[in-house]
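Peer 1: Following the numbering used here from start to finish, the sequence shown increments by one per residue and tops out at 538.
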Amino acid sequence: MLYLIRSREARRLQASATEAAGLDPLTMVLTRRGVLGVLEAEVARCLRSDVSLGVLMVDFDHLSRINEEHGRDAGDAILTEGARRVRNNVRIYDSVGRCGGEEFLVVLPSCDEMELNNIAGRIRMMIERGAFPWKGYPLRVTVSIGGLTTFALDEKSADRLVRSAERLLAEAKSLGRNRVQISEPFELTEESSLGLALETERRPTDEGDEP
């Protein structure tokens, strides 16, 4: 009994230390606060150097179904391995953070539209094609991804970038999930330009994928 108490306390202390370091204890990527801090810093850098900045919002499809059928531990295992696959398929200087229960934000400095498409497509493919082993049973899951790259920012652009990516992610899900939805590059300096870009310039990728 004493061993179990000490073991739980050790895990609790380890989780607290991990969070203090700015990492999500489950997935070992940045916390929401951590990755948003990186995004704000990159926006500030872009304001100084006038370079492009890309973001991706990655969400695991129907993870609640996995939790219901196999238990929450199975869902956690998918998130842990899924986060590893996301990290392994972005560039070394990109940042990945867990923004919600099943959502991950990727910040991609100096990333143009073509490279953003390539990275997003690679993440989607690596999640879909590789089974997630769970107690000898191969679980399969997909992700939906929304993203954009922009070349003109202001000091409020970090929040607008996140909201834009979330809207594009929602569109990817509404079109059938397991797909990438990337916007054309546009200036992100006013709310009016945000609305115009989302209505007129976004377009689907992975056109060959069936919903």
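From the three backbone atoms N, C-alpha and C, an ideal C-beta is built for every residue, glycine too.
For residue 484, tell me which candidate among 382, 361 and 357 has the shortest Cα-Cα distance.
Peer 2: Ranking 382, 361 and 357 by Cα distance to residue 484 puts 382 first.
Peer 1: Would the beta-carbon of residue 417 fall within 9 Å of that of residue 450?
Peer 2: Yes, they are a contact pair.
Peer 1: Residue ranges of each beta strand (DSSP E) run of no fewer than 3 residues wholly in the region 464–495, ordered along the chain?
Peer 2: If we require 3 residues or more, the beta strand (DSSP E) runs fully inside the region 464–495 come out as 464–466 and 470–477.
Peer 1: To which residues does DSSP link residue 425 through a beta bridge?
Peer 2: Answer by DSSP bridge pairing, in chain order: 431.
Peer 1: Indicate the three-state DSSP secondary structure (helix, strand or coil) for residue 400 in the structure shown.
Peer 2: Helix at residue 400.
Peer 1: Can you grab the Cα-Cα spacing for the pair residue 367 / residue 507, in whole Å?
Peer 2: Answer to the nearest angstrom: the Cα atoms are 24 Å apart.
Peer 1: Do the CB positions of residue 548 and residue 496 come within less than 9 Å of each other?
Peer 2: Outside the displayed span of the chain (328 to 538) sits residue 548, for which this structure offers no information.
Peer 1: If you pair each beta-carbon of the region 414–433 with each one of the region 349–358, do three or more pairs fall below 8 Å?
Peer 2: Taking 8 Å as the limit for Cβ pairs, the verdict is that the region 349–358 does touch the region 414–433.
Peer 1: Taking just the CA atoms, how far does residue 351 sit from residue 511?
Peer 2: Cα-Cα distance, rounded: 31 Å.
Peer 1: Inspect the CB distances between the region 430–449 and the region 371–379 and report whether three or more fall short of 8 Å.
Peer 2: Touching, per the Cβ criterion.
Peer 1: Comparing alpha-carbon positions, which option in 503, 408, 456 and 385 lies nearest residue 443?
Peer 2: Of the listed residues, the one whose Cα sits closest to residue 443 is 385.
Peer 1: Roughly how many angstroms lie between the CA atoms of residue 492 and residue 448, to the nearest whole one?
Peer 2: Between residue 492 and residue 448, the C-alpha separation is close to 15 Å.
Peer 1: In or out: residue 527 buried (at least 16 other Cβ within 10 Å) or exposed?
Peer 2: Residue placement at residue 527 is flagged as unreliable, the pLDDT there being 40, under the threshold of 50; the coordinate-derived value follows with that caveat. It counts as exposed.
Peer 1: What did DSSP end up calling residue 353 once you bin it into helix, strand or coil?
Peer 2: If DSSP states are grouped into helix, strand and coil, residue 353 belongs with coil.
Peer 1: From residue 480 to residue 433, what distance separates their C-alpha atoms?
Peer 2: Going by the C-alpha atoms only, they are around 18 Å apart.
Peer 1: DSSP puts residue 502 in a beta bridge; with which residues?
Peer 2: Answer by DSSP bridge pairing: none, since residue 502 is not bridged.
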